[in-house]
Structure formats: C-alpha cells, structure tokens
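A short worksheet on the structure shown next.
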Amino acid sequence: MSTSKLIIADIPVELVRKDIANLHLAVYPPDGRVRLAAPRDVNEQTLELFVIAKIHWIRKQQRKFAAQNRQSPRQYINRETHYFLGKKYLLRVHEDNPKYRAATLVIKTKTYMELYVRRGASVYTKGEVVKAWYRTELKKVLAELVPKWEKLLDVKSNEVTVKSMRTKWGSCNPDSGNILINLEMAKKPLDCIEYVVAHELVHLIERTHNQNFRAHLDKYIPNWKQIREELNRLPVGEI
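Residue numbers (the UniProt record's numbering): 1 to 239.
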C-alpha cells in the first residue's frame, strides 16, 4: 500500500493505492478529510475525473461535518457538561474524599457525574480518569451488543477493541476479523452504538458499502439512515 497527496478542484485528497479492484471515495469527520482508495494501475487523470464527478457530494459531506456541534476542550471543572450514552450530565469534582481513595468517576443521579481525584490533580490526570471510565463502560455495552449482532448476522468477529480515533466511529478488518470502536461512542445514545456495531459486523459479510451491504442494514435496522444522521449531528468532542 502506498499513500500520496493530490489537489483536485482545490480539494486536498489523500490517495491510497492498494490491491483492490474499484475506486472508493470517503469523506471523514471531524474536518471533512477526503480519502480516495484506488487500484495500483489506475492513472491520475482517471482519478481526477472520478473525484470531480463526486465534487458536489464531497462538499455536501464537508458542510455537514462543519455544521456539527463540537465541544470545546474539556477542563474537568465543576458544572462542565459531559455526555454518557446520549444523556447530558454536569460534572462535580471532589478532592481527597476519604470514601474514594482511588481516582474514579461515578454517576449517582440523572443530573451529575461525580469525579473523585486527589487535591491538585491536573487536567490531564482528570482526563485520564474520565477516559478510563468511558472505556470500561463502553466495553460493558459492547459485551452485550457484539454477541447479539454476531448471532443475528451469523458472523464471528475475532477481537473488538475500543480506541480513540479522530476520523471514524468504527472500523473493521474483514481479513483478520478485528473491529475497532471509537471511544467517543461511549457518549452516544445506545441506538447509535448499536448501529455502529452492526455496521462494522456487516463488513465481515460485505467488504464495501455496496447494495448488499445496505440491504443487510435495511433488513435489521430499517431506520439506520436516520440513526446515522443523528450520530453525525450530535456534539463531537475528544475524550
């Protein structure tokens, strides 16, 4: 696989050449990055014509991502807004609480997230505590959803990993059977998490987003397009 950069119609395009049969164009959140996967033997003129033919779609996707709500960098201070499973919480920070000797995060009510840390803990330390909690909670959700969808789709993944990713909600390697789920998904509603899990598992049946791929989603999640739109409208942050 080789990677290079092209400028087509004033749009930077990341070109990835690899052993595939067809061209695949994608626009990724959060910043509308454009990526074109192409067979090794396709010339640049053909690539340019392909991208130009998709220019209106590319700009539409970039406008959509630009319009997404984005959270400012988290400072982990009192009454700061945080999300979990689609619900909004206000953070309360507690220092040197004797009941919680180890730094931790707890949700006790429908309103507040309680963050327990040592006095003087840095923003980075608080962030790591929150990140670890999100990771643990998302893994619990995935432990239920992945087997459910493996059974429905009659597939079996090899390994499901939670990872911080800037451009994808999830990814699947059909050859290895490994699936990655973005840590950011811990903030999203359950139906959005379920859609991403199903989406990635369908890739074990269909590698690309072709008609058969969409047919599987239509069969099991008839409103998947609405869920996808909801996911892309929700506030985007960086855990």
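Even for Gly, the Cβ is constructed at its ideal location relative to N, Cα and C.
Checklist entry - Cβ atoms of Y112 and L85: under 9 Å apart, would you say? => result Not a contact, by the Cβ cut-off of 9 Å.
Checklist entry - Which whole-angstrom value is the C-beta distance of T125 and Y116, which I expect to be below 8 Å? => result Not really, about 12 Å apart at Cβ, beyond 8 Å.
Checklist entry - Are V106 and L138 closer than 9 Å when you measure CB to CB? => result no
Checklist entry - Identify the residues that DSSP records as bridge partners of V106: which are they? => result Looking at the DSSP output, V106 shares a beta bridge with E114.
Checklist entry - Could you give the residue range of the alpha helix (DSSP H) that holds Y76? => result First-last for Y76: undefined, no H or E at that position.
Item to check | Terminal residues of the beta strand (DSSP E) in which N212 lies | outcome: No beta strand (DSSP E) contains N212, which is instead part of the alpha helix (DSSP H) from 211-220.
Checklist entry - Is H216 near L145, with beta carbons less than 9 Å apart? => result no
Checklist entry - Cβ of K131 within 8 Å of any heavy atom in the ligand FAD? => result Among the components of this structure there are no ligands whatsoever, and the ligand FAD is therefore not found.
Checklist entry - Can you name, in chain order, every residue of its own chain whose Cβ lies under 7 Å from the Cβ of S176, other than the five neighbours on each side? => result Exclusion of the five residues before and after S176 leaves N158 as the residues of its chain whose Cβ lies within less than 7 Å of its Cβ.
Next on the checklist: I'd like to know whether the C-beta atoms of L23 and L6 end up nearer to each other than 9 Å.
Outcome noted: Contact flag unset, no.
Item to check | Burial state of A186 (16 or more Cβ within 10 Å) | outcome: buried
Item to check | Which listed residue (K88, P12, G120, P29) has its alpha carbon closest to that of R228 | outcome: If we check each option's Cα against that of R228, P29 comes out closest.
Checklist entry - Taking V130 as the reference, which of W149, E14, I179, L183 has the closest Cα? => result L183
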